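Take a look at the structure below.
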Amino acid sequence: MDGILVDPTDVNYEKLKKNTVSFFTHLFLITVSVACIFPLWWAFASSLKTQGSVFKDLSLFPRDAHWENYVEAWTRADFSRYFLNSLFYTVTVVLGVVFIASMAAYAFSRLRFRGRNLLFLVCISTMMVPIPGSFIALYVLLNKLHLIDTRLGYILPQINGGLPLGIFLLKTFFDDLPKELEDSARIDGCGRFRVYWHIALPLARPAIAVLAIFVILAVWNEYLLAMLVLSNKDLMPLQRGLMVFQGAHITQYPLLMAGIVITVLPVLAIYLLLQKHIIKGITAGAVKG
Amino acid sequence: MNFQRLRNFFGNYIFILPALALFLVFSLYPFLKVFQLSVTGWDGISPQTAFVGLANFKDLFTDNPVFWLSMKNAFTITFLALTVQNLLALFLALLCDRDIRGGNIYRVIFYLPPVLSGIVVGLIWNWIYDGNYGLLNHFLSFIGLGDLSRAWLADAKTALFSVAVIHMWKGFGWGFVILLAGLQSIPRELYEAARVDGASSWVMFKNITAPLMIPVFILVSILTILGTMQIFDIIISTTGGGPGYHTEVPITRILTTMIGASKFGYACAMGVVFGLVLLAISMVQIRVSRAMRQV
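Have a look at this one:
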């Protein structure tokens, strides 16, 4: 009997060992997964409790869910305004980055002009060099341009921030794209801009999608610039709104949690829908670079 | 013909003009301006700025212990992220590399914290660590360790470590995804050949996985260092740098100096020094890794 149990060549022993390893592997992975999800779920559960019950009732599935917390967060706590602002900033920055970066990337990939390679390196240089503290001078500049506390002052630096990644991503894409279609359009008499706009840009849709996802996440989660540039509540995006709310109503936890859920939900939806592209995008850049 | 050529010449530049203009105004100008302001005593308001030479830097190096404390704090968090967070990420990646069932689901879940903002993460964890109502204290008294409970983020002894835990919770999934992709790019035949030769898992890790993963390790470490040293959102939404200066980090110091104390010139000097420190770290790291690759 003992001999059978310790005989490493025995099929049952191998199977047992394999199952044990697999069991503990999954146990560990599931524990870590719970640790990832739990805080979020708990924030959600708490958003459905009342101010009176939230500190006593630790249930993860509150029995009577107070969905009206969301109505209150949305209307009275201004989260509707913050949400619309975030949406506006995200859309404009994405459009700006996609349009400007694709134009530049197209030129760097297809058009011939003097200084092309140098200018390309210059355009993506900020991806390599971290310059902490340049936000001080950015603030000074925005102040000089009277862009402090304006939407434009919050949008333009972020468009600029997205350009290096955008130009790099789209140039790589255009480089791999066959030129035949564009050539034939040229022969048919299309100008540079029309070739870019009607042929190259639509073909670049997959790369543009990846770029858009990353810009969306970055803009939606941005805080530092919002803190420096925006002090008017009417212009603030969600992240800034959350901090303002927390500062003013430090103990209103259910409403704060509702605000957090409102902030996270769009990110979560985009992430879950497009997680394949997101993870592929990160790893492609990382493993190649 | 000449006109045509001229049009052609400028036409190409028009494509990159918007990108270049934004770069010049919002990247290059601030970059250079930081250096220029760092030798002035500018307060952010006065139209005139006094040139003070290297006085800001001298003061920073000789008479600003809080700044260096903030640097040390950031180093502490970075050290923890480099070791604990990245080892956890590597361990998880190794587990998920074995074609296990549900591998993709784990990947989706682990990358969830990294897509959240530091503000959101900080505000949620704020409450977990709360001294009176915090989940962590509830949990500790539930398992009979009630005497350990405290206001984790307000206690000088635990604040920095607690903030580091939040940061690692948010960050490990990112390292995991990159490390896993690295592992999956290693040809399977290498392992099969080694297995035929009777190599154990550890021997295979040491002789196949680790050497081939060095470039990925380097990348992950550099990005971890640069990302963690510039930690900011999580601090702002939890401790704000306190208690005392126990969780101050360079970026919060720079912001306080700039907005709180209106010392723009001085803040720029801090930014320059901090930037040079980061640059030095990455250079050392690249050097070391190059030397390692040759061994």
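In order, the protein sequence lines correspond to chains A and B.
Count along the first sequence from 1, add 682, and you get the number used in the working numbering.
Count along the second sequence from 1, add 38, and you get the number used in the working numbering.
A virtual CB, placed ideally from N, CA and C, is assigned to each residue, including glycine.
All of these numbers come straight from a predicted model, not from anything done at the bench.
With a threshold of 8 Å, establish whether the CB of A:Leu-823 neighbours any heavy atom of the ligand MG. In terms of ligand content, the structure shown is empty, and the ligand MG therefore cannot be addressed.
Determine the extent of the alpha helix (DSSP H) in which A:Ile-890 is found, giving its start and end residues. Mapped onto the first sequence, residue 890 of chain A falls at position 208. 887 to 902 is the extent of the alpha helix (DSSP H) around A:Ile-890.
Answer with buried or exposed for B:Ala-57, where buried requires no fewer than 16 other C-beta atoms within 10 angstroms of its C-beta. By 1-based counting over the second sequence, the position of residue 57 of chain B is 19. By the neighbour-count rule (16 or more Cβ atoms within 10 Å), B:Ala-57 is buried.
Looking at the secondary structure, which residues open and close the alpha helix (DSSP H) in which B:His-205 lies? Numbered from its first residue, the second sequence carries residue 205 of chain B at position 167. Its alpha helix (DSSP H) spans residues 197 to 222.
Helix, strand or coil at B:Phe-270 [DSSP, three-state]: Residue mapping note: residue 270 of chain B aligns to position 232 of the second sequence, counting from 1. Looking at B:Phe-270 - three-state DSSP - the assignment turns out to be coil, as it is neither helix nor strand.
The segment 91 to 122 of chain B: positions lying closer than 9 Å to chain A by Cβ: none
Measure the alpha-carbon distance for A:Ala-721 versus A:Ser-728 and round it to whole angstroms. Within the first sequence, residue 721 of chain A is the residue found at index 39, counting from 1. Within the first sequence, residue 728 of chain A is the residue found at index 46, counting from 1. Just to set this straight, residue 721 of chain A is Pro in the shown sequence, not Ala. Spanning the two alpha carbons is a distance of roughly 10 Å.
Exposed or buried, which one is B:Gln-86 when buried takes at least 16 other CB atoms within 10 Å? In the second sequence, the residue the question calls residue 86 of chain B occupies position 48. Exposed: under 16 other Cβ atoms inside 10 Å.
In whole angstroms, give me the CA-to-CA distance for A:Arg-758 and A:Gln-928. Counting from one through the first sequence, the residue named residue 758 of chain A turns up at place 76. Counting from one through the first sequence, the residue named residue 928 of chain A turns up at place 246. About 14 Å.
DSSP on A:Phe-662, reduced to helix/strand/coil? Outside the shown range of chain A (683 to 971) lies residue 662 of chain A, about which nothing can therefore be said.
Select from the segment 195 to 221 of chain B all residues with a C-beta closer than 9 Å to any C-beta belonging to chain A, and list them in chain order. Residues of the segment 195 to 221 of chain B whose Cβ lies closer than 9 Å to any Cβ of chain A, in chain order: Trp-207, Phe-210, Gly-211, Trp-212, Val-215, Ile-216, Leu-218, Ala-219, Gly-220.
Which stretch, first to last residue, makes up the alpha helix (DSSP H) that contains A:Asp-858? Taking the first sequence and counting its residues from 1, one reaches residue 858 of chain A at position 176. Counting along the chain, the alpha helix (DSSP H) containing A:Asp-858 begins and ends at 833 to 858.
Counting only runs that start and end within the segment 892 to 960 of chain A, where is the alpha helix (DSSP H) found for 4 or more residues in a row? 906 to 911, 920 to 930
Between which two residues does the alpha helix (DSSP H) carrying B:Lys-96 extend? What you label residue 96 of chain B is simply residue 58 of the second sequence in a count that begins at 1. Counting along the chain, the alpha helix (DSSP H) containing B:Lys-96 begins and ends at 93 to 100.
Of all the CB atoms in chain B, is at least one closer than 9 Å to the CB of A:Val-804? Within the first sequence, numbered from 1, the residue matching residue 804 of chain A stands at position 122. Interface residue, yes.
Determine which residues share a DSSP beta bridge with B:Thr-78 and list them. Counting from one through the second sequence, the residue named residue 78 of chain B turns up at place 40. B:Phe-89.
Cutoff 8 Å; reference B:Leu-198; Cβ partners in own chain excluding five residues on either side: The residue you call residue 198 of chain B lines up with position 160 of the second sequence. Asn-111, Thr-114, Ile-115, His-284, Thr-285.
B:Ala-231 by DSSP, collapsed to three states: which one? Within the second sequence, residue 231 of chain B is the residue found at index 193, counting from 1. Three-state result, B:Ala-231: helix.
Return no unless some Cβ of chain B is closer than 9 Å to the Cβ of A:Thr-808. To locate residue 808 of chain A, count along the first sequence from 1; it is residue 126. By this cut-off, A:Thr-808 is an interface position.
Assuming A:Met-918 contacts B:Ser-275 under a Cβ cut-off of 8 Å, what Cβ separation, rounded to an integer in Å, is found between them? Within the first sequence, residue 918 of chain A is the residue found at index 236, counting from 1. Within the second sequence, residue 275 of chain B is the residue found at index 237, counting from 1. 15 Å between Cβ atoms; not a contact.
For the segment 168 to 196 of chain B, which residues have a CB atom closer than 8 Å to at least one CB atom of chain A, in sequence order? Asn-170, Tyr-171, Leu-173, His-176
Beta-carbon proximity check, A:Ile-818 vs B:Leu-75, cutoff 9 Å: The count along the first sequence starts at 1 and reaches residue 818 of chain A at position 136. The count along the second sequence starts at 1 and reaches residue 75 of chain B at position 37. In contact: A:Ile-818 and B:Leu-75 (Cβ atoms closer than 9 Å).
What distance in whole Å lies between the Cβ atoms of B:Thr-100 and B:Val-90, which are believed to be in contact at a cut-off of 8 Å? Locating residue 90 of chain B in the second sequence gives position 52, counting from the first residue. Locating residue 100 of chain B in the second sequence gives position 62, counting from the first residue. Contact doesn't hold; Cβ gap of about 15 Å is too wide.
Can you confirm whether B:Ser-259, when its beta carbon is compared against all beta carbons of chain A, has any partner nearer than 9 Å? The residue you call residue 259 of chain B lines up with position 221 of the second sequence. With 9 Å as the cut-off, B:Ser-259 does not count as an interface residue toward chain A.
With 8 Å as the limit, tell me which residues of the segment 699 to 724 of chain A have their beta carbon closer than that to any beta carbon of chain B; keep them in chain order. Ser-704, Thr-707, His-708, Phe-710, Leu-711, Val-714, Ser-715, Ala-717, Cys-718, Ile-719, Pro-721, Leu-722, Trp-724
From A:Val-946, A:Leu-955, A:Ser-807, A:Pro-839, residue whose alpha carbon lies closest to that of A:Phe-765: What you label residue 765 of chain A is simply residue 83 of the first sequence in a count that begins at 1. Comparing Cα-Cα distances from A:Phe-765 to each of A:Val-946, A:Leu-955, A:Ser-807, A:Pro-839, the minimum goes to A:Val-946.
Find the residues of chain B that neighbour A:Leu-899, judging by a C-beta separation of less than 8 Å, and give them in chain order. Residue mapping note: residue 899 of chain A aligns to position 217 of the first sequence, counting from 1. In chain order: Val-153.
Taking just the CA atoms, how far does B:Ile-166 sit from A:Ile-944? Residue mapping note: residue 944 of chain A aligns to position 262 of the first sequence, counting from 1. Residue mapping note: residue 166 of chain B aligns to position 128 of the second sequence, counting from 1. The straight-line gap from Cα to Cα measures roughly 20 Å.
May I have the straight-line CA-CA distance separating A:Arg-874 from B:Gly-313, to the nearest angstrom? Against the first sequence, residue 874 of chain A aligns to sequence position 192. Against the second sequence, residue 313 of chain B aligns to sequence position 275. Rounded to the nearest angstrom, the two C-alpha atoms are 41 Å apart.
The segment 274 to 292 of chain B: which residues have C-beta closer than 9 Å to a C-beta of chain A, in chain order? Ile-274, Ser-275, Pro-288, Ile-289, Ile-292
Determine, for A:Phe-850, whether the minimum Cβ-Cβ distance to residues of chain B falls below 9 Å. Position 168 of the first sequence holds residue 850 of chain A. Cβ-Cβ to chain B under 9 Å: no for A:Phe-850.
List, in order along the chain, the chain B residues whose C-beta lies closer than 8 Å to that of A:Phe-737? Walking along the first sequence from the start, residue 737 of chain A turns up at place 55. Residues of chain B passing the Cβ test: Asn-170, Tyr-171.
Taking only beta-carbon atoms, is A:Arg-794 less than 9 Å away from chain B? Position 112 of the first sequence, counting from 1, holds the residue named residue 794 of chain A. A:Arg-794 has a beta carbon lying within less than 9 Å of a beta carbon in chain B.
Whole-angstrom Cβ separation of B:Ile-138 and A:Thr-707, contact assumed at under 8 Å? Looking up residue 138 of chain B in the second sequence gives position 100. Looking up residue 707 of chain A in the first sequence gives position 25. Correct: roughly 6 Å between the Cβ atoms.
Neighbour flag for B:Phe-89 against chain A, beta carbons, 9 Å: Translated into the one-based positions of the second sequence, residue 89 of chain B becomes position 51. It does not: the Cβ of B:Phe-89 has no partner Cβ on chain A nearer than 9 Å.
Considering just the uninterrupted stretch of the alpha helix (DSSP H) at A:Lys-826, what are its terminal residues? As a working mapping, residue 826 of chain A is identified with position 144 in the first sequence. Counting along the chain, the alpha helix (DSSP H) containing A:Lys-826 begins and ends at 816 to 826.
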